[in-house]
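Step one of this worksheet: look at the structure below.
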Amino acid sequence: NSKVIQTPRYLVKGQGQKAKMRCIPEKGHPVVFWYQQNKNNEFKFLINFQNQEVLQQIDMTEKRFSAECPSNSPCSLEIQSSEAGDSALYLCASSLGTGGRGTEVFFGKGTRLTVV
Amino acid sequence: AQSVTQPDARVTVSEGASLQLRCKYSYFGTPYLFWYVQYPRQGLQLLLKYYPGDPVVQGVNGFEAEFSKSNSSFHLRKASVHWSDWAVYFCAVSLGPVYAQGLTFGLGTRVSVFP
């Protein structure tokens, strides 16, 4: 069973409000991913980190979304100004990040964001 | 760019019957392939993974999958379905070291199990 912990499980925000969610990756996993899963089960990769450094991020993340993975603190994903289209399940995942069999990715239970 | 297609959006099966879920990928090369399951109000749980090697891989809870390079497929099978298998199943592909590329998912197959 995955040991990736996400909080809160549910988040309700008004349009224009900030929305922040947190993730504690599995112990010893230096690589962290954030994905957005919409109601049509489309997954969108948002950003990933190795230790505290950003590896890749999509354009959407660069504009309204911000994320960080500080050392000795939970990772976080924040939407600066929520829009209705941001309503989705946000999944955090972690991995050892090394090649071959170390590439398994483990997911948390997600934060379901509803923007009203 | 790589892509994953799960042709069946919904599958209904009787408890105790066999199950096959189809997955087709598009990539010029040998990918790393995964099947995940998502139970209601849960995250994704890894069922099994394929790395270059034996084309038939065994997973948890009696699931197995078979990789076919010629058909660009990675179909999931279970010999006897249990009511607890009621969930959405996702096929995913990675081009290699996951930390660099992450995963590309299909749209999932919703499995309903009836007595």
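These protein sequence lines are chains F and G, in that order. Just so we're aligned: the first sequence equals residues 7 to 122 in our numbering. Just so we're aligned: the second sequence equals residues 4 to 118 in our numbering. The beta-carbon is built from N, C-alpha and C at its ideal position, and this holds for glycine as well. A quick note: this is a predicted structure, and the numbers were derived from the prediction, not measured.
According to DSSP, which residues form a beta bridge with residue i?
| i | result |
| --- | --- |
| F39(F) | N54(F) and A99(F) |
| T33(G) | For T33(G), which the question treats as bridged, DSSP gives no partner whatsoever. |
| A94(F) | L119(F) |
| C94(G) | W38(G) |
| Y54(G) | Partner(s): none; Y54(G) has no beta bridge. |
| S76(G) | K27(G) and S71(G) |
| E30(F) | The question names Glu, but residue 30(F) in the sequence shown is Ile. In DSSP, I30(F) forms a bridge with I11(F). |
| Q63(F) | I53(F) |
| A25(F) | I85(F) |
| K19(F) | V121(F) |
Name the chain F residues whose beta carbon is nearer than 8 Å to that of residue i?
| i | result |
| --- | --- |
| K27(G) | Neighbours of K27(G) on chain F: none; closest Cβ ~17 Å, over 8 Å. |
| K72(G) | Residues of chain F passing the Cβ test: none, with the nearest at roughly 18 Å. |
| G111(G) | N47 |
Rounded to whole angstroms, how far is the Cβ of residue i from the Cβ of residue j, which I believe are closer than 8 Å?
| i | j | result |
| --- | --- | --- |
| L97(F) | H35(F) | Their Cβ separation, rounded to whole angstroms, is 15 Å, which puts L97(F) and H35(F) out of contact at 8 Å. |
| S115(G) | L106(G) | The Cβ separation is near 25 Å, so there is no contact. |
| V121(F) | S87(F) | Going by Cβ atoms, the distance from V121(F) to S87(F) rounds to 10 Å, so no, they are not a contact pair. |
| R118(F) | L95(F) | 5 Å |
| Y41(F) | K50(F) | 7 Å |
| L24(G) | V16(G) | Actually they are not in contact, since the Cβ atoms of L24(G) and V16(G) sit about 10 Å apart, beyond 8 Å. |
| K24(F) | I85(F) | 7 Å |
| G62(G) | W38(G) | 7 Å |
| G65(G) | K81(G) | 5 Å |
| R113(G) | A12(G) | 7 Å |
| L49(G) | E110(F) | 6 Å |
Interface residues of chain G around residue i at Cβ under 9 Å?
| i | result |
| --- | --- |
| F71(F) | Those within 9 Å of F71(F) in chain G number zero; the least Cβ separation is about 16 Å. |
| E110(F) | F37, L49, K52 and V101 |
Report the neighbours of residue i on chain F: residues whose CB is nearer than 9 Å to its CB, in chain order.
| i | result |
| --- | --- |
| F108(G) | Y41, Q43, N47, E48 and F49 |
So with CB distances below 7 Å, who are the chain F contacts of residue i?
| i | result |
| --- | --- |
| Q45(G) | K115 |
Less than 7 Å between C-beta atoms, sequence neighbours within five positions excluded: which residues of the same chain meet that for residue i?
| i | result |
| --- | --- |
| V59(G) | E67 and E69 |
| Q41(G) | L47, A90, V91 and F93 |
| K115(F) | Q12 and R15 |
| G111(G) | Q9, V91, Y92 and F93 |
| F77(G) | C26, Y28, L36, Y53, A68, F70 and C94 |
| R70(F) | I85, Q86 and S87 |
| S93(F) | L119, T120 and V121 |
Only counting the same chain, and skipping five residues up and downstream in sequence, which positions put a Cβ closer than 6 Å to that of residue i?
| i | result |
| --- | --- |
| N57(F) | P36 |
| L61(F) | N54 |
| S75(G) | K27 and Y28 |
| G22(F) | S87 |
| V38(F) | P31, F55, C75, C81 and S100 |
| A90(F) | V121 |
Sorted by chain position, which residues of the same chain lie with C-beta nearer than 8 Å to residue i's C-beta, five sequence neighbours on each side aside?
| i | result |
| --- | --- |
| Q5(G) | Y28, S29, Y30, P34, V96, L98 and T107 |
| E18(G) | V84, H85, W86, V116, F117 and P118 |
| V14(G) | L22, L24, T112, R113, V114 and S115 |
| I64(F) | K50, F51, L52 and I53 |
| K9(F) | E32, K33 and F112 |
Any C-beta of chain G within less than 9 Å: which residues of the stretch 91 to 103 of chain F qualify?
L95, L97, C98, A99, S101, L102 and G103
Any residues in the stretch 75 to 97 of chain G with a beta carbon nearer than 9 Å to a beta carbon of chain F? Which ones, in chain order?
V91, F93, A95 and S97
If the cut-off is 7 Å on Cβ atoms, which residues from the stretch 21 to 39 of chain F count as contacting chain G, listed in chain order?
V37 and F39
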